[in-house]
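Going by the numbering used here, the final residue of the first sequence carries number 1059, and the count climbs one at a time with no gaps. C-beta: ideal position from N, C-alpha, C; glycine also. Keep in mind it's a predicted model, so treat the numbers as computed, not measured.
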Amino acid sequence: MSIKVFNTLSRNLEDFIPLDPNGKQVDIYCCGPTVYGYIHIGNIRTFVFSDLVRRYLEFSGYEVRHVMNITDVEDKIIRRVAETGKSLTEFTQVYEKAFLRDFKSMNCLSPHHMPRATEHIQSIIDLIGKLMHKGIAYQVQDGSIYFSIEKYRSKGGQYGRLIHLNFEEMRPGDRVSQDEYDKESAADFALWKARVPEDGEVYWPSPWGEGRPGWHIECSAMSMKILGRSFDLHLGGEDLVFPHHEDEIAQSEGADLGENDQPFVKYWMHGAHLQVEGRKMSKSLGNFHTLRDLFDQGFAGVEVRYLLTSSHYRETFNFTMDGLRGARSAMSRIKECLEKLREVAGETKSTPTEEVISRFTEAMDDDLNVSKAWGIVFDWIRSLNKQIADTGLNPTQAAAALASWDRINSVFGLPFDPSDEIPEEILKLAELRQEARQSREFETADKLRDQIQSKGWRVEDSPTGIKIKPFQIS
RNA sequence: GGCGGGGUAGCCAAGUGGUAAGGCAGGGCUCUGCAAAAGCCCCAUUCGUCGGUUCGAGUCCGACCCUCGCCUCCA
């Protein structure tokens, strides 16, 4: 009956039970983008995954409070800012806007809060202050502040719950960057990075001198500020398990270590990465796709979103252009069925059919088993098609089917575009063609059909009359 | 080296002890003046390999092979 999710903390399926004693409100935090460039199809997968989780929680009757951060200060950003000569805000605004546009085009629901790191510097400083006070953060010679994993553990903090790594046996030094040379231990991470000349104008004052936040601290500070010290669900891509999320736990629980033994987050869910054409996506392999690229190739948001929601979030997904073309066929199948249902239903309204909804729910309750859920939906579509063709479907049944789809699609969130307005000119040509057909002047009719097609529209004859659709190339 | 995913039809993919969902592609049919579109039907004696447990194994156990990822840039 209840939702089961795979919790990265326990590496097990767990019943999802919100912290809210009334069992009603659910607070979720999704790691948002670092705005230094256009996001790619892999990023999109993670955001669509988070959106699916939120939508399914809402479908299940929870009141969701959804926070997604915008990380707008960080090493790569600072480097790019220096290269471009723009101000930090000028630079990040471009990519933040582009991100929001992509996010919307995937029909992702807007989070209730989208805090920017640069607007929460004070919260970040306060949190670092608490960690300093606890004695689990320390300042090094250049002024930077680091989190001490050793001190955290010696005071009872548990480090490594997410990643399950043996830190005693880790080789120090391999990838420690130069600005971190005087850390006490290789695994320690920066909370506050002291200002260096390369940072340009990107710095803030703090009790420890001018500088900027480390990479992980903003998520701890902002999530706790908005959602409180403990919340239900934290989401992100699998690469964030370590170090980002591990460090978030340490910072957040470290700040009131010994005073509060509540876990920072109850459930952690991580989306797997995707590959493109069977290989890791990379610019050098030429298989690096941004959403813009796919739209430029004529694909629609609904097709990309379907493809990304057609396989389980914990499995590596192989994104292929073939798959995307297949998604187009699958989507048009659903679209056709819905159109026929609308014709039959007319103005009649009804409520969802219990049977298909409960089967769908059962599949999704099982850690979002979308493959199974889609199997149920397509079985259902086929049986509807059959009913429409064979026995006929009365308007009430058709309306019930449409209501069921709306309910299901409140979870899948497929943005079926409203049908394009058919231009007057095309309608006129189609009418002339009909007249020609009726007087059996097929040559004239075919010429008119070609003419219509050359203008980007396709006319289809069906038993119930003609249909005019936009003509898709590819 | 440590940790963790995977290997099911041409491709994608569900299925954790009872005899292989679903999607795409392909084939056939229906409808049609012809098309197109759509719909329906068909499409894995078999689940990486070899052993074992069991009345029964894709599912459990053991060994092996292959593949992908993480181990302080990353969605």
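If one requires a minimum length of 4 residues, the alpha helix (DSSP H) runs lying completely within the segment 834-913 are 876-881, 886-893, in chain order. When only Cα atoms are considered, Val929 and Gly960 end up about 25 Å apart.
By the beta-carbon neighbour count (other beta carbons within 10 angstroms, threshold 16), Gly856 is buried. Taken through DSSP and simplified to helix, strand or coil, Trp789 comes out as strand.
Take the alpha-carbon of His874 and the one of Arg910: they are about 15 Å apart. In the structure shown, Ile1007 adopts coil according to DSSP, grouped into three states.
With a 10 Å radius around the Cβ and a threshold of 16 neighbouring Cβ atoms, Lys719 comes out buried.
Secondary structure at Trp1042: strand, using DSSP grouped into helix, strand and coil.
For Tyr614, the enclosing beta strand (DSSP E) stretches over residues 610-615. No Cβ-Cβ contact shorter than 8 Å links Val658 with Leu642.
Taking C-beta separations shorter than 7 Å and ignoring five residues to either side along the sequence, the partners of Glu783 in its chain run Ala667, following chain order.
At a Cβ-Cβ threshold of 8 Å, Tyr737 and Ile721 count as neighbours. When the beta-carbon positions are compared, Tyr852 and Asn592 come within less than 8 Å of each other. In its chain, beyond the 5 residues on either side, Ile655, Asp657 have a beta carbon closer than 6 Å to the beta carbon of Arg701.
Taking a contact as a CB-CB distance under 8 Å, the pair Ile748 and Val826 counts as one, their CB atoms being some 6 Å apart. For Pro782, the secondary structure class from DSSP, reduced to helix, strand or coil, is helix. By the neighbour-count definition (other C-beta atoms within 10 Å, threshold 16), Lys971 is an exposed residue. Close CB contacts of Met807 within its chain, under the 6 Å cut and outside five residues either way in sequence, are with Asn654, Pro700, His705 (chain order).
As DSSP reads the structure, Phe732 sits in a beta bridge with Ala722, Phe774.
Around the beta carbon of Glu888, 16 or more other beta carbons lie within 10 angstroms, which makes this residue buried. Between the segment 615-629 and the segment 839-852 there are fewer than three inter-stretch CB-CB distances shorter than 8 Å, so the stretches are not counted as touching.
Inside the segment 633-717, DSSP marks whole beta strand (DSSP E) runs of 3 or more residues at positions 648-653, from first to last along the chain. The distance from the Cβ of Pro696 to that of His625 is about 20 Å, inconsistent with a contact at the 8 Å cut-off. Pairwise C-beta distances place the segment 627-642 out of contact with the segment 789-797, as fewer than three of them are shorter than 8 Å.
Put simply, the backbone Cα of Val649 is about 10 Å away from that of Tyr614. Spanning the alpha carbons of Ile1011 and Asp1031 requires a straight line of approximately 14 Å.
Around the beta-carbon of Leu812, 16 or more other beta-carbon atoms lie within 10 Å, marking it buried.
Annotation for Pro1055: the continuous beta strand (DSSP E) segment containing it runs 1050-1055. Taking a cut-off of 8 Å on C-beta distances, the segment 920-929 touches the segment 968-983, as three or more cross pairs fall below it. Apart from the 5 residues on each side of it in sequence, Leu694 sits with its Cβ closer than 7 Å to the Cβ of Asp636, Arg639, Arg640 in its chain, given in chain order. Along the segment 791-823, the beta strand (DSSP E) occurs as fully enclosed runs of 3 or more residues at 796-798, 816-822, listed in sequence order. Around the beta carbon of Asn607, fewer than 16 other beta carbons sit within 10 angstroms, so the residue counts as exposed. By alpha-carbon distance to Glu921, the top candidate from Ile1053, Val861, Arg890 is Ile1053. Remark: C-beta atoms of Phe816 and Gln860 do not approach each other more closely than 8 Å. The beta carbon of Gln836 sits closer than 8 Å to the beta carbons of Leu712, Leu716, Phe732, Leu776, His801, Ile802, Ser805 from its chain, once the five residues preceding and following it are set aside; these are given in chain order.
Within the same chain, and ignoring the five residues on either side of Gly839 in sequence, the residues whose Cβ sits closer than 6 Å to its Cβ are Leu716, Ile721, Tyr737, Gly742.
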